[in-house]
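In what follows, a structure is listed as structure tokens, so that the remarks can point back to it.
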């Protein structure tokens, strides 16, 4: 604790030496509620910041990060965002993890007319039903990630599907999108069971049993974190996965895959991040810089944090200033490179086209890895522009 | 469901019940003797998990379990000796505040020691596979758990029934003071019981690791479940806890088996509400005679504010009025939060202090108000003023219904029933997507244009909070308030002189609920959005912490508590990495230094009145 106190103080000092010239990014996130994702996320941000400022900053100004813990609740997050706006006078808001927090901050950003770059929250509503002029989102949404998995699910040619998801908005909309998209891709598909355990509180034995009793050919799961680990272990013990194919959102992200170790179920189709195997020049450069800086390998969160800071930098560079309205204009249709390859910030709904890696889980030396993977470009997994316009009330 | 499916789900229920019972048994034991509502019980369970996973990687699972149990038991003993022992004489429920601080510290301690990534433990050697039952695979380890639960029940029962120490424990559960008067060394008895209860929590955690990973969120998720089991079974009754665990484990398993998995979100709270309504002391609990040591003993009667205090409060109000001329925008945002929470805490204090009814679910009324305001504003497109009026009405309506049931109970049973109702309301808001926006909540709840500026909204909040708080204080000094306090201090005598005790308490619920609802509406419009978080257990706990921090036996305490807590959370979370631990440490220091609350301490130092 003492060490981290010192580290915190050093951070404060290094970030606190602001001049009037810096572009201030107000980053708020639930660091102590979702530390597994957000500690690597913070490291990713800091790496990007060092790189950008080391190269002289953007538009003649250095970037500055003001990092705050949002307490994990919308109410606290809104207050923290107000502090960043009013007291810190930040130019941009960035961050948030949970969807309800992301939506609350987006709502505030719209009211206070400040740019909000939502890095992680996955809810479709953030850019569609509740989308607003000032909110942009980096991660592929729930809908996009489901759409990326559906082609693989359809290729399995299984008729009877069971569905399991954590009972809150992310899981509900994942299940809904999956049913809709798979039924389109594979007419005649049946959904024979649906289990929606409370987030973080799955009774894995009973859920696995109930799924097995429905005798599905395949399972779609949106479980992650502790729920996923419990589900996998029970399913392995009870032989649920022996004759049943599984498609699982997010399970290939190192944050959720690594704890599974020798329990890793082989052959599952997942979205994730095979960090060790991606050898594009852009990713290799990122990975080497990250490993050199932190003596640790990058996680999904690292890429998100790193790319989010770069997105702000690129927007400022294109706008030539940190004026909010100019930044909004600059971010629309902004193209930029990322460790995953080039992305575009769609002007139509402020969603970036950052994609995800689709692949199958496998065990290597007692550890989970992704194999047979490919990159799914987010640009290709969107509803039609008319549908997007219909969902977005603002336009 | 087919026959084999029913059998298998029954076995699943048994296995879950066993692990639930292990945690609940320790909690029940601790409560039975020390009367401590131990919020940290889930943290002890979590420590058991982490310790067991960490040890199992080094010395193997079966050696790790007893060591983890021992370590957590020792940890429990230390908590009792260093912390709780100092505050047994403090007003009731203060120990709750202390254990809440322990929760905060332990969570950050685990993060610091074991890192942020979940740790999935090994399978138990010898019980790693599955057996075939009715043509289906069932984990061997679950069979083991099914045996362990009843075995622990038998051991604890034998221990309590046959050993000398067990007899002393039972004596102390029956009547602490009498046991003390007969020469039982209570200090070591309490330490021993707390250590044993902690060890049982550690055992529950250690035995859970073949089934679930050690992760940072389990502490609070688990302690709520454990409390439900203890209360449904009857406080202090170990067999009761066992039956309650069975009941809840089986109901959950069959909810899942029959395809009603969404019900598991709240089913244990529904069970608790039904049980408490039908059997006010749980399944196997007994109506306890008012225990001498836990009564509101030695309380200074809430006196009306002295002239000097009124003057000081008037000055404070005046300062709040002129403040916007000097303060920055964010200070006003923060102060608006402080005012809203002060109002919320004052309404809770009205129930807890003069009413003598601790509520663990006061967020229900805060959230009902917030949702009512937001729904009237968004769905009916009504003006903000109407939304603000609707909030206390909706919350009062909730209090009419829930309070009516709650006032039939007392003490922790009452508190737990309030918790059950708040969880039921929470789950409705969480599930009812079309109406409440589900887990995401509702956005776009912004105040009217003339209140859009932070200064304007601050004045608006001030203009509603000050009269509302004054009204609560006036009510305490009114005949109604006196009757309420009489009902708290001596229900029998109050009845004898013609006071309808339950009616007074019911009215108190309604008043407190309405005021909390107003606070909720002000909160919603200050944030622009609401989510089920406004109804959640942490929100209720925050309210409790504010009241206890300020001092439950003072009039102004909740205000200071709310201000202190909100300011601390804001400041500490900004400047310290491990801010939760720091927050816990500050609360612990305050608890030890001012067991009667901050305002209580001030009162004590100023005896000239």
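Chains as they are written, first to last, in my numbering: chain F, 1 to 395; chain B, 396 to 1004.
Note that beta-carbon positions come from the ideal geometry of N, C-alpha and C, so glycine has one too.
(request) Report yes or no: do the region 984-991 of chain B and the region 759-775 of chain B share at least 3 C-beta pairs separated by less than 8 Å? (result) Result no; under three Cβ-Cβ pairs closer than 8 Å.
(message) Pull the bridge partners of residue 534 (chain B) from the DSSP assignment, please.
(response) DSSP output for residue 534 (chain B) lists B:525 as bridge partner(s).
(message) Which residue wins for smallest C-alpha separation from residue 318 (chain F), given the options F:346, F:83, F:342, F:58?
(response) Nearest of F:346, F:83, F:342, F:58 to residue 318 (chain F), Cα basis: F:58.
(request) Could you tell me which chain B residues have their CB closer than 8 Å to the CB of residue 96 (chain F), listed as they occur along the chain? (result) Ordered by position in chain B, no residue passes the 8 Å Cβ test against residue 96 (chain F), which lies about 13 Å from the chain.
(message) Report the start-end ranges of each alpha helix (DSSP H) in the region 308-345 of chain F that is 4 residues or longer and not cut off at the edges.
(response) Listed in chain order, the complete alpha helix (DSSP H) runs (minimum 4 residues) inside the region 308-345 of chain F are 324-331.
(message) Can you check which of these residues, F:112, F:217, F:51, F:162, is closest to residue 847 (chain B) by C-alpha distance?
(response) That would be F:112, whose Cα lies nearest to the Cα of residue 847 (chain B).
(request) At 7 Å on the CB atoms, spell out the chain F contacts of residue 404 (chain B), in chain order. (result) Correct list: 206, 209.
(message) I need the straight-line Cα distance from residue 897 (chain B) to residue 161 (chain F), nearest angstrom please.
(response) Between residue 897 (chain B) and residue 161 (chain F), the C-alpha separation is close to 54 Å.
(request) Name, please, each residue of chain F whose Cβ falls closer than 9 Å to the Cβ of residue 520 (chain B). (result) Chain F residues near residue 520 (chain B): none, gap ~14 Å exceeds 9 Å.
(request) Taking residue 606 (chain B) as the query, report the chain C residues whose CB atoms sit under 9 Å from its CB, ordered along the chain. (result) Among the protein chains of the structure shown, namely F and B, there is no chain C.
(request) Give a yes or no on contact between the region 89-106 of chain F and the region 913-930 of chain B, applying the rule of three or more CB pairs nearer than 8 Å. (result) Touching, yes, given that three or more Cβ pairs across the two stretches are closer than 8 Å.
(request) In the DSSP assignment, find the unbroken beta strand (DSSP E) run with residue 363 (chain F) in it and report its ends. (result) Looking at the DSSP string, the run of the beta strand (DSSP E) that includes residue 363 (chain F) is 356-364.
(message) Counting only Cβ pairs nearer than 7 Å, list the residues of chain B close to residue 125 (chain F).
(response) Within chain B, the residues near residue 125 (chain F) are 835.
(request) Determine the extent of the beta strand (DSSP E) in which residue 349 (chain F) is found, giving its start and end residues. (result) Element bounds for residue 349 (chain F): n/a, residue is neither H nor E.
(message) Our contact map puts residue 735 (chain B) next to residue 917 (chain B) with C-beta atoms below 8 Å; I'd like the distance itself, whole angstroms only.
(response) Yes, residue 735 (chain B) and residue 917 (chain B) are in contact; Cβ-Cβ is about 5 Å, under 8 Å.
(message) Going by C-alpha to C-alpha distance, which of F:179, F:271, F:287 sits closest to residue 278 (chain F)?
(response) Here the closest residue by C-alpha is F:287.
(message) Can you look up residue 924 (chain B) in the DSSP assignment and give me helix, strand or coil?
(response) Three-state result, residue 924 (chain B): strand.
(request) Flag residue 44 (chain F) as yes if its beta-carbon sits less than 8 Å from any beta-carbon of chain B, otherwise no. (result) So no, residue 44 (chain F) is outside the interface.
(request) Report the three-state DSSP secondary structure of residue 34 (chain F) (helix, strand or coil). (result) Reduced to three states, the DSSP call for residue 34 (chain F) is coil.
(message) For a cutoff of 8 Å on Cβ pairs, would you count residue 752 (chain B) as touching chain F?
(response) Residue 752 (chain B) does not count as touching chain F.
(request) Could you have a look at residue 445 (chain B) and say whether DSSP puts it in helix, strand or coil? (result) Three-state DSSP puts residue 445 (chain B) in a helix.
(message) Strictly under 8 Å for the Cβ-Cβ distance: is residue 764 (chain B) near chain F by that measure?
(response) When Cβ-Cβ separations below 8 Å define contact, residue 764 (chain B) makes no contact with chain F.
(request) Label residue 56 (chain F) either buried or exposed according to how many other C-beta atoms from any shown protein chain fall within 10 Å of its C-beta, with 16 as the threshold for buried. (result) It is exposed - the Cβ of residue 56 (chain F) has fewer than 16 other Cβ atoms within 10 Å.
(request) Would you kindly check if the distance between the Cβ of residue 327 (chain F) and the Cβ of residue 265 (chain F) is under 8 Å? (result) Going by C-beta atoms, residue 265 (chain F) is not nearer than 8 Å to residue 327 (chain F).
(request) Using a threshold of 8 Å, state whether the C-beta atoms of residue 94 (chain F) and residue 200 (chain F) are closer than that. (result) No.
(message) Can you tell me whether residue 94 (chain F) is helix, strand or coil according to DSSP?
(response) The DSSP-derived three-state label of residue 94 (chain F) is strand.
(request) Answer yes or no: does any C-beta atom of chain F fall closer than 8 Å to that of residue 923 (chain B)? (result) Any Cβ of chain F closer than 8 Å to the Cβ of residue 923 (chain B) would place that residue at the interface, and such an atom is present.
(request) Return the chain-ordered list of same chain residues with a C-beta closer than 8 Å to the C-beta of residue 492 (chain B), the five sequence neighbours on each side being excluded. (result) Around residue 492 (chain B), the same chain offers 939, 940, 943, 944, 982, 986 as residues with beta carbons nearer than 8 Å, after the five sequence neighbours per side are excluded.
(request) Can you grab the Cα-Cα spacing for the pair residue 136 (chain F) / residue 129 (chain F), in whole Å? (result) Computed Cα separation, rounded: 14 Å.
(request) Measure the Cβ-Cβ separation of residue 599 (chain B) and residue 445 (chain B) and say whether it is below 8 Å. (result) Judged by beta-carbon spacing, residue 445 (chain B) lies beyond the 8 Å limit of residue 599 (chain B), meaning their Cβ atoms are not closer than that value.
(message) I'd like to know if residue 452 (chain B) contacts chain F, where contact means its C-beta is closer than 8 Å to some C-beta of that chain.
(response) Using beta-carbon distances, residue 452 (chain B) does not count as an interface residue toward chain F, since no partner is under 8 Å.
(message) Ignoring anything shorter than 3 residues, give me the beta strand (DSSP E) runs that lie fully in the region 266-310 of chain F, in order along the chain.
(response) With a minimum length of 3 residues, the continuous beta strand (DSSP E) runs that stay inside the region 266-310 of chain F are 269-272.
(request) Check whether the Cβ of residue 986 (chain B) lies closer than 8 Å to any Cβ atom in chain F. (result) Interface with chain F (8 Å Cβ-Cβ cutoff): residue 986 (chain B) is excluded.
(message) Here's a check: name, in chain order, each residue in its chain whose Cβ is nearer than 7 Å to the Cβ of residue 120 (chain F), leaving out the five neighbours to either side.
(response) Within the same chain, residue 120 (chain F) has close Cβ partners 96, 97, 139, 304.
(request) Classify residue 195 (chain F) as helix, strand or coil using the three-state DSSP reduction. (result) In the three-state scheme derived from DSSP, where H, G and I count as helix and E and B as strand, residue 195 (chain F) is classed as strand.
(message) According to DSSP, is residue 584 (chain B) part of a helix, a strand, or is it coil?
(response) When DSSP states are grouped into helix, strand and coil, residue 584 (chain B) belongs to the helix group.
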